[in-house]
Every structure is written in structure tokens, then in C-alpha cells.
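Participant: The following block contains the structure, expressed as C-alpha cells.
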Amino acid sequence: MDTESTYSGYSYYSGRSRGSHRHGERSRDRHKSRSKDSRSEKSVTINTPPAEPLLGDSAVRGEQVQDDNWGETTTAVTGTSEHSLSQEDIVRITKDLEDSVGLDCRRYFTRTLAVILGLLVFLTPLAFLVLPHLLWPEKLQSCGTACEGLFISVAFKLLILLLAVWALFFRPARAGLPRVFVFRALLAVLVLLFVVSYWLFYGVRILDSQDENYQGIVQYAVSLVDALLFIHYLAIVLLELRQLQPCFSVCVTRSTDGETRHYNLGQLSIQRAALAIIEHYYCDFPVHNPALLSASKSRAAKHLAGLKVYNVDGPGNNAAAAGLAHSQSRAMIAAAARRRDTSHNELYYEEAEHERRVRKRKARLVVAVEEAFTHIKRMQEEEQKKAPGDVMDPREAAQAIFPSMARALQKYLRTTKQQHCHSMESIQQHLAFCITNNMTPKAFLESYLTPGPTLQYSRDHWLARQWTLISEASVTSGLKDGGVFLLKCVDFSLVVTSKKIPYIQMSEEYIDPKSHKFVLRLQSETSV
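Here this note's numbering is used: the sequence shown runs in plain steps of one and ends on residue 1405.
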């Protein structure tokens, strides 16, 4: 009886405590369901491709097509593996989603505060002029010519201030920064304190006493508008002019392929410098191509596959057999080391072969494109003789000649690992653009023979949804000499190092113009 109950407890609980075998059949079933639920709460493993980020952008996955029945075909098992999704991961994902929603809410909240503050600023001078007419109109003195001239001054100054604020502050947002812009926040606080101070003085000295001098009230409103114009000038200096003079030289290096650029930046905070670097990255850096990095990885994998490790301690206990196995393993390791020493020859011949193939594919592509453009010229000459209604538009012409160059272009893009950067639709659009603008075959091929900047390609291939700024210093602090921070996205990161531009001391050296004069004496006996 004890043996049977112990066996049944082991089968139901899979190695859990055996003391529960004394319970009945119903309690065992209940505990079994609870144990399954508790196991399912620990971790869930989702089978994903090994080289794919768990929550990466769909644009990074390339041409892979997701199964429509993924919810039915996904395998979930308990335990641990390379890609696991636990309760902590679910909490982290939920937090990331909440952070993204929080960023949107913060952006709209900031805009709302800016609009409210702007309305307060522009309505305050008008309120100063209107309230005396509404509260004590019978006590006000008549407004003379000078007072009426001040009305015109207030109107034009408010119009200038409105246009200036619209041009400086109400521009389309370029990006969402992780922290608040310090100078802009300080200016907003300064304006708010300034307007509140004017309202307090207005309430104590004008509203309470019901001042009868309306010209003085108008001059008070004019002084407020003048002060607001000076604050706007201060905003231009702090937000725009301060950063124009270069103070730092930053080195930006892409972590995957080592592509490097250098830029000069002014007095900026780390987060605003990061924004400027990202804008330069999309215009200056060539598009990131992960396929070009696979060759080195394949060579490393081939090396590791060629190295075999043998078990020196064999199953037998014979000392002679163990010594023989040990000598054989040492010989194999030495042979693998000699072969590893000659790997540079393999790399040299692989690169030479690859360059030969690229030149061959390029020559075929150039010939095919030139023949296609020659055919276009013949078609244009024939269409000039046709009626206006029968003329083929550039889109139709591009579709007509594209098959003649499609195979050569496809082979070249595959050889240079660019097939995922150019779709057939984008190539046809570019071909139609070249035909419309009467461009040469070389101009058409330049987009495919030379890797262009990141913005040249489709947004699905390069646009990162979010950049992460990693910095030891506060992101609101300014750039410093020797500072390092990272800009990280899904596939790679940009390592940024800042160096302060040195102080240059120039001196002047005066050279007397008379010191450059000389006399040429010719003897009369010479043949000259």
C-alpha cells in the first residue's frame, strides 16, 4: 500500500514532496491542477528565430513573412532556454508601453501649458486696458492724443511679439527628448513670474484705488509689452545664438562596422547634442547593412568547426592507451593551430574572389542598363512621330525596359548584399524618375553602385522607432571634454566621444617691406 501510494504521488507531483500521498484521490487531483498552474506562472518560452530580437522592429526582420496562425502554432513549454519570457519580462514590457504612452501625454501636456501661458501673456496687456472701462468708467480721465498714440504702439508691438513667439516656439517638434529643456523651462518660469508680478502691482495700485489717470494705465501696459519683447530677445540668445559657436568636436562611431564621422557642436546639453548627432547620422552615414557582417561571422564559425577537442581520459584504464590518446589530441590541436595561422591566406583569396565577382556583376549591370537606356531613346524618337494620345508616360516606359536589366541588377544586389535595401517598386520608381528628368545610365546606377546616405532608402529599412540615450552624466548637463555617451537602437549603437576645441593663440610678426628688396648687378663683359 505504501509503495503504490508513493508511486502515484511521484507520478502526479514530478519530484515534489512525497508526504502528500496520504491524501485522497480528490485532493491529489486538486494539488495536481495547482502545481500545473504554479509551473505555468514561472516562465513561458516562445520559440523564435535565434538571431532575431524578441521585440524588434518588423523592418529589421527583412523579407521574413509571419505565419497568420501564429497564435495556434506557437509552442509553449516550461523551463529555460535562450529566449524566455518570464513574469519580470512581462512587467518590463508593460512598463515600456506605459512609458511610451507617458511620453505622448507629456508632449501634449507641455503643449497645453505653452498655449495657456501664451494666452495669458497676450491677454494681460489687453486686460489692463479694458478693465478700467468696465469697472469705473465714470471716474476715468479723457484719453488725449498721446494716449491714443500709445494704443497704436501696443497693437503693433503685440503683433510683432505674436509673430516672434510663433516663429521661435511653435515650430514642429523634431523629436521627443527624455528630459525637459532647461533654458526653455527657465524662460517659461521667468515669463510666468513676470506676468504675475505685473498683475499683483496692477491689482494693488490700480484696481484697489481705482486710478483715474488712464494715460498712466496705458503706459503701464506698454511697459509690460516692452518687457515681454526683451524677454523674447533673451530667449533667442539662449536658445539659438548660444549654440552657434563651435566649442566641441564629437567623434561618432557605429558599433557594428566602425563607420566614423566627426562633427563640431556648440554649447549644448547631452540630450540636444544626441538629437543633433542623430539628425546628422541619417544624412551622412551610409545605411546600416547587417548582411555585410555575416562574412566574418561565417569565417569564425568555420574556424571553430575545424577545431576538434578529444577526450584524453578514455573509457579504458590502460595507461598506454591514455598516453596514445593524449599524443593524438596534441597533434590534432597543433594541426588546427597551423591551419589557423594560414587563415589570412584564406581571407585574402576570399576577398579577391568577392571583388572579382563584384566587378563582373557590375560590368554586366552597366552594359544592361546602357542597352535599356538606348532602347528608351529609340522609343522616344518613335513616339515623337506618333499622335499625342499614343505617347507612353515615364512609368510605362520604366515598366517596359525594367525586365531587360532586372536579372543583372538582382545578381549585383545579391553579390553586394543590398537586395533587402531595394525593392522592385522602388527601383521602378527611380527608373521612371530618371527617364522623366532625362538622366544618364550612370546617374541611374549611382544609387546602387555607391552606398548612399540613410535617408536615400525606404523608411521601412532604416527608421528606428526609438533611440535610447545612455550616459553616466545627467542628460541635461552640458558637453564636457572627454565625455562619452551612447545612442542605442535595435541593431547597433552610436558611440559618441566629445573633445573640447582648444584655445588658439595667434601672434603677429611684422616683416619690413624694404627687407625684400635686392639689387641685380650685371657686368658689361657678359654676353647678356
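Note that CB positions come from ideal geometry on N, CA and C, so glycine has one too.
Could you say if the stretch 1091–1108 and the stretch 1121–1134 meet the contact criterion of at least three C-beta pairs nearer than 8 angstroms?
Facilitator: no
Participant: Who pairs with residue 1128 in a beta bridge, going by DSSP?
Facilitator: 1139, 1374
Participant: Candidates 1243, 1154, 987: which alpha carbon is nearest residue 1373's?
Facilitator: 1154
Participant: Count the CB pairs spanning the stretch 1269–1279 and the stretch 1318–1328 that are closer than 8 angstroms, and state whether there are at least three.
Facilitator: no
Participant: If you draw a straight line from the alpha carbon of residue 1091 to that of residue 1355, how long is it in whole angstroms?
Facilitator: 49 angstroms
Participant: With 16 as the cutoff for other CB atoms within 10 Å, does residue 1436 come out buried or exposed?
Facilitator: There is simply no residue 1436 to check, as the chain begins at 878 and stops at 1405 in what is shown.
Participant: Tell me the rounded alpha-carbon separation between residue 1023 and residue 1100.
Facilitator: 15 angstroms
Participant: Taking residue 1098 as the reference, give the member of 1363, 1071, 1063 with the closest Cα.
Facilitator: Nearest C-alpha to residue 1098: 1071.
Participant: With a threshold of 6 angstroms on Cβ separation, who are the neighbours of residue 1006 within its own chain once the five nearest residues in sequence on each side are excluded?
Facilitator: 1098
Participant: Relative to the C-alpha of residue 1049, which candidate in 984, 1286, 1272 has its C-alpha closest?
Facilitator: 984
Participant: Alpha helix (DSSP H) containing residue 1083: first to last residue?
Facilitator: Premise fails: residue 1083 is in no alpha helix (DSSP H) and is neither H nor E.
Participant: Can you name the start and end residues of the alpha helix (DSSP H) that residue 1353 belongs to?
Facilitator: In the DSSP annotation of this structure, residue 1353 is not part of any alpha helix (DSSP H), being labelled neither H nor E.
Participant: Can you give me the C-alpha to C-alpha distance between residue 1344 and residue 1244, rounded to a whole angstrom?
Facilitator: Between the alpha carbons of residue 1344 and residue 1244 lies a distance of about 42 angstroms.
Participant: Here's a check: name, in chain order, each residue in its chain whose Cβ is nearer than 7 angstroms to the Cβ of residue 994, leaving out the five neighbours to either side.
Facilitator: 1065, 1068, 1069
Participant: Output the boundary residues of the beta strand (DSSP E) element that contains residue 1365.
Facilitator: First-last of the beta strand (DSSP E) with residue 1365: 1361–1365.
Participant: Pull up the distance between the alpha-carbon of residue 1367 and that of residue 1156, whole angstroms please.
Facilitator: Rounded to whole angstroms, residue 1367 to residue 1156 spans 17 angstroms at the Cα level.
Participant: What separation, rounded to the nearest whole angstrom, lies between the Cα atoms of residue 962 and residue 986?
Facilitator: Here the model assigns residue 962 a pLDDT of 45, short of 50, so the residue's position is not dependable, and the following value carries that caveat. For residue 962 and residue 986, the distance between alpha carbons rounds to 34 angstroms.
Participant: Have a look at 1113, 1167, 1018 and flag the residue whose alpha-carbon is nearest the alpha-carbon of residue 1369.
Facilitator: Proximity to residue 1369 across 1113, 1167, 1018 peaks at 1167, based on C-alpha coordinates.
Participant: Mind pulling the beta strand (DSSP E) runs of 3 or more residues that sit fully within the stretch 990–1030?
Facilitator: none
Participant: So, residue 1320 versus residue 1272, is the Cβ gap smaller than 9 angstroms?
Facilitator: no
Participant: For my contact list, residue 1002 and residue 1031 are in at a C-beta cut-off of 8 angstroms; report their separation, rounded to the angstrom.
Facilitator: 6 angstroms
Participant: Could you tell me whether the stretch 1373–1387 touches the stretch 1348–1364, using the rule of 3 or more Cβ pairs below 8 angstroms?
Facilitator: For the pair of segments examined, the stretch 1373–1387 was found to touch the stretch 1348–1364: the number of CB pairs separated by less than 8 angstroms reaches three.
Participant: Does the stretch 1077–1095 come close enough to the stretch 1051–1065 to have 3 or more Cβ pairs within less than 8 angstroms?
Facilitator: The answer is no - the stretch 1051–1065 does not touch the stretch 1077–1095, with fewer than three Cβ pairs under 8 angstroms.
Participant: Quick check on this structure: which residue in 1283, 1294, 1288 has the alpha carbon closest to the alpha carbon of residue 1303?
Facilitator: Closest in alpha carbon position to residue 1303, among 1283, 1294, 1288, is 1283.
Participant: Determine the contact status of residue 1148 and residue 1353, defining contact as a CB-CB distance below 9 angstroms.
Facilitator: Going by C-beta atoms, residue 1148 is nearer than 9 angstroms to residue 1353.
Participant: In terms of residues, what are the limits of the alpha helix (DSSP H) holding residue 1369?
Facilitator: Taken as a continuous stretch (DSSP letters only), residue 1369 belongs to no alpha helix (DSSP H), as it is neither H nor E.
Participant: Could you give the C-beta distance for residue 1055 and residue 1346, rounded to a whole number, given that I count them as a contact under 8 angstroms?
Facilitator: 6 angstroms
Participant: Residue 1406: which of 1117, 1229, 1252 sits nearest, CA to CA?
Facilitator: Nothing can be reported for residue 1406: it is not among the residues displayed for the chain, which extend from 878 to 1405.
Participant: Residue 1115: which of 996, 1137, 1095, 1146 sits nearest, CA to CA?
Facilitator: 1146
Participant: Closest to residue 1289 by CA distance: which of 1246, 1016, 998 is it?
Facilitator: When only C-alpha atoms are compared, the closest one is 1246.
Participant: Which one or two residues does DSSP pair with residue 1345 in a beta bridge?
Facilitator: 1365
Participant: For residue 1233 and residue 1224, I'd like the C-alpha separation in whole angstroms.
Facilitator: 14 angstroms
Participant: Using a Cβ-Cβ cutoff of less than 8 angstroms, which residues in the same chain neighbour residue 1387 once the five nearest sequence positions on both sides are dropped?
Facilitator: none
Participant: Secondary structure at residue 1280, three-state DSSP: helix, strand or coil?
Facilitator: helix
Participant: Count the other CB atoms, across all protein chains shown, that sit within 10 Å of the CB of residue 1397; report buried if there are 16 or more and exposed otherwise.
Facilitator: exposed
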